[in-house]
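Numbering (my numbering), first residue to last: 1 to 169.
Note that the Cβ used here is the ideal one computed from N, Cα and C, for glycine as well.
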C-alpha cells in the first residue's frame, strides 16, 4: 500500500507485516522522570529480511538524543529525534508528531509522515517548596515537521511551539 497522501480518510485493507528490528539504547539518566543528569541515545533499524505472501515489508530508521544538565535547581535538556522510512511503510507504522511530551500544540497522530525531524529544548526549575510532592516548573521550545515523501522535505515548513508545564514527582 503506497500512498503519498497520508492524511486521508480512507483506511487501508488489513495486511500483516514481518520485520526484524535492531535497536540499541544508551541511557545514563539518573531518574526516569525529572532527570537531572545523564543522556539517552537511541538508534534503531527495522526492516524485512524476507517476503511472505500477503505481508507488507518496509524499512525505517530512528536516531534520538537527549541530554540533561543541572546547576542547583535549574535543569536544561536539549534533544532531537529523526525518523526515516521508505515508501512502502504502511500507515500504522508512520512517525507521528504531536502530544504533550513530543510537541506542544499538536494532538497525538495529528501530523504523520514517513520522515520526521523534531528538536526540543526544555528548561526545568525544581521549586524550593512542595505541593504534597516535589514540584517542577518547565518551559519547552519545540521545532519539527513530518513529511510524506523525502522529496517534500523543506525545513522552512517546520512548526514551532512553546509550552509550559507544572508537574509533581
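Using the rule of at least 16 other Cβ atoms within 10 Å of the residue's Cβ for burial, across every protein chain shown, is residue 106 buried or exposed? Taking the chain shown and counting its residues from 1, one reaches residue 106 at position 106. Classification for residue 106: buried.
Between the C-alpha atoms of residue 2 and residue 151, what's the straight-line distance to the nearest angstrom? Numbered from 1 along the chain shown, position 2 holds the residue referred to as residue 2. Numbered from 1 along the chain shown, position 151 holds the residue referred to as residue 151. Its pLDDT being 44, under 50, residue 2 is placed unreliably by the model, and the measurement read from it follows with that caveat. Distance from the CA of residue 2 to the CA of residue 151, rounded to the nearest whole angstrom, comes to 15 Å.
To the nearest angstrom, how far is it from the Cα of residue 96 to the Cα of residue 133? Translated into positions along the chain shown, residue 96 becomes position 96. Translated into positions along the chain shown, residue 133 becomes position 133. One alpha carbon belongs to residue 96, the other to residue 133, and they sit about 33 Å apart.
What's the call for residue 118, buried or exposed, on a 16-neighbour Cβ count within 10 Å? As a working note, residue 118 is residue 118 in the chain shown. Classification of residue 118: buried, given that the 10 Å Cβ count is 16 or more.
C-alpha gap between residue 62 and residue 52, whole angstroms: Counting from one through the chain shown, the residue named residue 62 turns up at place 62. Counting from one through the chain shown, the residue named residue 52 turns up at place 52. Rounded to the nearest whole angstrom, the CA to CA distance from residue 62 to residue 52 is 25 Å.
Burial state of residue 100 (16 or more Cβ within 10 Å): The residue labelled residue 100 in the question sits at position 100 within the chain shown. Sixteen is the threshold: since fewer than 16 other Cβ atoms of the shown chains lie within 10 Å of the Cβ of residue 100, the residue is exposed.
Strand pairing of residue 45, partner residues [DSSP]: Within the chain shown, the letter at position 45 stands for residue 45. Within the DSSP secondary-structure output, residue 45 pairs in a beta bridge with 22 and 61.
Is residue 122 helix, strand or coil by DSSP? Start at 1 with the first residue of the chain shown, and residue 122 comes out as number 122. DSSP places residue 122 in strand when its eight states are reduced to three.
Count the other CB atoms within 10 Å of the CB of residue 142; is the residue buried (16 or more) or exposed (fewer)? Counted from its first residue, the chain shown places residue 142 at position 142. Buried is the call here.
Should residue 81 and residue 64 be called a contact, given that it needs their Cβ atoms to be closer than 8 Å? Residue 81 sits at position 81 when you count from the first residue of the chain shown. Residue 64 sits at position 64 when you count from the first residue of the chain shown. Result yes, Cβ atoms of residue 81 and residue 64 sit closer than 8 Å.
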